[in-house]
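Structure record follows, encoded as structure tokens.
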Amino acid sequence: MKLTVIGCGYVGLVTGACLAAAGHEVHCTDIDAKRIDMLKAGKVPIYEQYLDEVLNRAVAEKKIHYTANTGEAIRAGEVIFICVGTPPKESGEADLSAIDHVAREIATQANGAKLVVEKSTVPALTGVQLQKALAAYSQNGPIKFDVASNPEFLREGTAVADFFHPDRIVVGVEDQRSAQMMREIYAPILERRFHCPVHEGQCPVGVSGELLITTINSAELIKHASNSFLALKISYANVISDLCERIGADVEQVTHAMGLDPRIGTQFLKAGLGFGGFCFPKDIQAFIHLAGTVGVDFDMLKAAEKVNKQRIDRYFEKIHKALWVVRGKRVAVLGLAFKANTDDIRFAPALEIIRRLLEEGAEVHACDPEAVNKTRAVFPSVKYHEDPYEGLRAADAALVCTEWKIFRELDWERAGKLMARRLVIDGRNLYSPDKMQELGFDYHSFGRPQ
Ligand code: UGA
10 MKLTVIGCGY VGLVTGACLA AAGHEVHCTD IDAKRIDMLK AGKVPIYEQY
60 LDEVLNRAVA EKKIHYTANT GEAIRAGEVI FICVGTPPKE SGEADLSAID
110 HVAREIATQA NGAKLVVEKS TVPALTGVQL QKALAAYSQN GPIKFDVASN
160 PEFLREGTAV ADFFHPDRIV VGVEDQRSAQ MMREIYAPIL ERRFHCPVHE
210 GQCPVGVSGE LLITTINSAE LIKHASNSFL ALKISYANVI SDLCERIGAD
260 VEQVTHAMGL DPRIGTQFLK AGLGFGGFCF PKDIQAFIHL AGTVGVDFDM
310 LKAAEKVNKQ RIDRYFEKIH KALWVVRGKR VAVLGLAFKA NTDDIRFAPA
360 LEIIRRLLEE GAEVHACDPE AVNKTRAVFP SVKYHEDPYE GLRAADAALV
410 CTEWKIFREL DWERAGKLMA RRLVIDGRNL YSPDKMQELG FDYHSFGRPQ
């Protein structure tokens, strides 16, 4: 099928690349002409595992095309995936101006019937507005526009694997024809008719997602309800972690045992610095806002958000207790990205931690395998190191902020010899307290006995 992807950010590129790998002809466009030039030159503007490989293969097979001409891209596809940003406004409400702009472009540039699919994360009832906008901007002309909602459940860092091996594909539609078109688009994914770069032809058998057809309103709600529930789970684990510290219990033991109950599940119960990134913090706010606009009290989510914001305060309590005076201290920050395997620093806990450290007069040295360049633009006064051991040299304390494998596997015996003081404040519970103590470290983490 001929498809158009509007918005070449992380969601648009993964969607476009994977649907091209599934055999569709994909036309990608973006308002940022520089980004299109970069893509045409074979460069991928974001770091996402396997993405460059899937894109390069699609380009070589002439399955993916990039153009800065929006009209050309719109006319090329029967189905248009809207993958533009929906950032939060001051009020927490999602800013849908990019969706509105795209609706106008589609309505005025289309030359035939289109199925317009919301892939961007949007609050419930956006589909209704989108349908109205398409009609209004085309001045109720002869071209038929159908709308569908197809939320993504991709995790940054494993987005390509998630796209190829989904646990569910949610499609919200209002008519049978749209449902059939979406089924056709996803059939090669569900039937595994694509080259999988993750498993190299050895995809695990039996794990296949389900395509769920729902109404548009339900599909939109499913996305926010899922992300918010996961955020609730994390905040719950973090409150349990605080309780463990007061009571003298071990949060790892508690959450592990809780998670073995299949009704609870072990995932997203990891205590620490809390959730960051561009999805949970903004989605939770948008969901609270949406609930408010329709008169539903979602205080439960407000509490989860509050707990998350307080994680950095909890962390600084540990820093002050262990390091005492921060001014003039050399501090190594291990990890800048909001989580491992991504270069994304949006709403990353490490950024707020660095901001406060600088405010308190620390000399900050930072390391991250992928996110240094983006962070340098925000904090030019910080010293950045490729090698974590260089970052730790002469440090009075090491602050672990992201669970990268290279930090998990650090040789602390070696690091300890380089540091001015053997002090580690671990925001991700990466190491065994006993082992760190054996190595002579003053080691602090979340919810575990010292
Ligand atoms: C999240 C969802 O997991 C995806 O399903 C969804 O598609 C995506 O948002 C989106 O809306 O686009 P993502 O933001 O990439 O994906 O990251 P997650 O892996 O969900 O982690 C979010 C944050 O929670 C990270 O900061 C992570 O460190 C933190 N986290 C996660 C914890 O603090 N504890 C945990 O147990 C798990």
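Numbering (this note's numbering), first residue to last: 10 to 459. Built from N, CA and C at the ideal position, the CB exists for glycine as well. From a predicted model like this one, the values you see are computed outputs, not experimental measurements.
Note to self: Measuring straight from C-alpha to C-alpha, what distance separates K128 and L230?
What the structure shows: Rounded to the nearest angstrom, the two C-alpha atoms are 13 Å apart.
Next item on the list: Determine, using beta carbons only, whether V23 and F203 come nearer to each other than 9 Å.
Entry: At least 9 Å separates the beta-carbon of V23 from that of F203.
Notebook entry, point to check: In whole angstroms, what separates the C-alpha of A69 from that of S106?
Noted result: Distance between the alpha carbons of A69 and S106: 35 Å.
Note to self: Between the region 353-371 and the region 318-326, can you find at least three pairs of beta-carbon atoms closer than 8 Å?
What the structure shows: With a cut-off of 8 Å, the region 353-371 and the region 318-326 count as touching, because enough Cβ pairs lie within range.
Notebook entry, point to check: With distances taken between CB atoms, is the gap from G181 to F90 smaller than 9 Å?
Noted result: At least 9 Å separates the beta-carbon of G181 from that of F90.
Margin query: At the level of alpha carbons, what is the spacing between S244 and D292?
Written below: Those two C-alpha atoms are separated by around 15 Å.
Notebook entry, point to check: Does any heavy atom of the ligand UGA sit closer than 8 Å to the C-beta of A188?
Noted result: A188 Cβ: outside cutoff for every heavy atom of the ligand UGA.
Next item on the list: Count the other CB atoms, across all protein chains shown, that sit within 10 Å of the CB of D443; report buried if there are 16 or more and exposed otherwise.
Entry: The residue in question, D443, is exposed, as its Cβ has fewer than 16 Cβ neighbours within 10 Å.
Note to self: Let me see if you follow: with CB-CB separation under 9 Å, is A170 close to chain B or not?
What the structure shows: No chain B is part of this structure, which consists of one protein chain only.
Note to self: One question on the structure: do A312 and L401 come within less than 9 Å of each other, judged by their Cβ atoms?
What the structure shows: The beta carbons of A312 and L401 sit no closer together than 9 Å.
Item checked: G25 (DSSP reduced to helix, strand or coil) -> If DSSP states are grouped into helix, strand and coil, G25 belongs with the helices.
Next item on the list: With a threshold of 8 Å, establish whether the CB of A280 neighbours any heavy atom of the ligand UGA.
Entry: Checking every heavy atom of the ligand UGA against the Cβ of A280, one is found closer than 8 Å.
Margin query: Quick check on P96: does DSSP put it in helix, strand or coil?
Written below: Secondary structure of P96 (DSSP, three-state): coil.
Next item on the list: With a cut-off of 8 Å on the beta carbons, I'd call E87 and A295 a contact; round off their distance for me.
Entry: Incorrect: roughly 30 Å between the Cβ atoms, too far for contact.
Notebook entry, point to check: What residues in its chain sit with their C-beta under 7 Å from that of A404, if we drop five residues either side in the sequence?
Noted result: Excluding sequence neighbours, A404 sits near R339, V340, A341, H374, M428 and A429.
Next item on the list: Count the other CB atoms, across all protein chains shown, that sit within 10 Å of the CB of S454; report buried if there are 16 or more and exposed otherwise.
Entry: S454 is buried by the Cβ-count criterion.
Notebook entry, point to check: Does the ligand UGA have a heavy atom nearer than 8 Å to the CB of Q276?
Noted result: True, at least one ligand heavy atom lies under 8 Å from that Cβ.
Note to self: Rounded to whole angstroms, what is the Cα-Cα separation between K315 and R437?
What the structure shows: Taking the Cα positions, K315 is about 19 Å away from R437.
Check: Roughly how far, in whole angstroms, is the beta-carbon of G218 from the beta-carbon of I178, given that I think they are within contact range, below 8 Å?
Finding: Your pair G218 and I178 checks out as a contact, with CB atoms roughly 6 Å apart and the cut at 8 Å.
Next item on the list: Answer yes if the region 55-62 comes into contact with the region 154-168, meaning at least three C-beta pairs across the two stretches below 8 Å, and no otherwise.
Entry: With three or more CB-CB distances shorter than 8 Å, the region 154-168 counts as touching the region 55-62.
Notebook entry, point to check: Measuring from the CB of I243, is there a heavy atom of the ligand UGA at a distance below 8 Å?
Noted result: Within the cutoff, so yes.
Check: Can the beta-carbon of I321 be found closer than 9 Å to that of L282?
Finding: Yes, these two residues count as a Cβ contact at 9 Å.
Margin query: Since I45 and T95 should fall inside the 8 Å C-beta cutoff, what is the C-beta to C-beta distance between them, to a whole number of angstroms?
Written below: So it is not a contact: roughly 21 Å between Cβ atoms.
Notebook entry, point to check: Per DSSP, what kind of secondary structure is S187 in: helix, strand or coil?
Noted result: S187: helix per DSSP, three-state reduction.
Item checked: For P290 and M191, the rounded distance between their alpha carbons -> Whole-angstrom Cα-Cα distance: 30 Å.
Check: Enumerated in chain order, which unbroken segments of the beta strand (DSSP E) with a length of 3 residues or greater are wholly contained in the region 315-386?
Finding: Inside the region 315-386, DSSP marks whole beta strand (DSSP E) runs of 3 or more residues at positions 339-343 and 372-376, from first to last along the chain.
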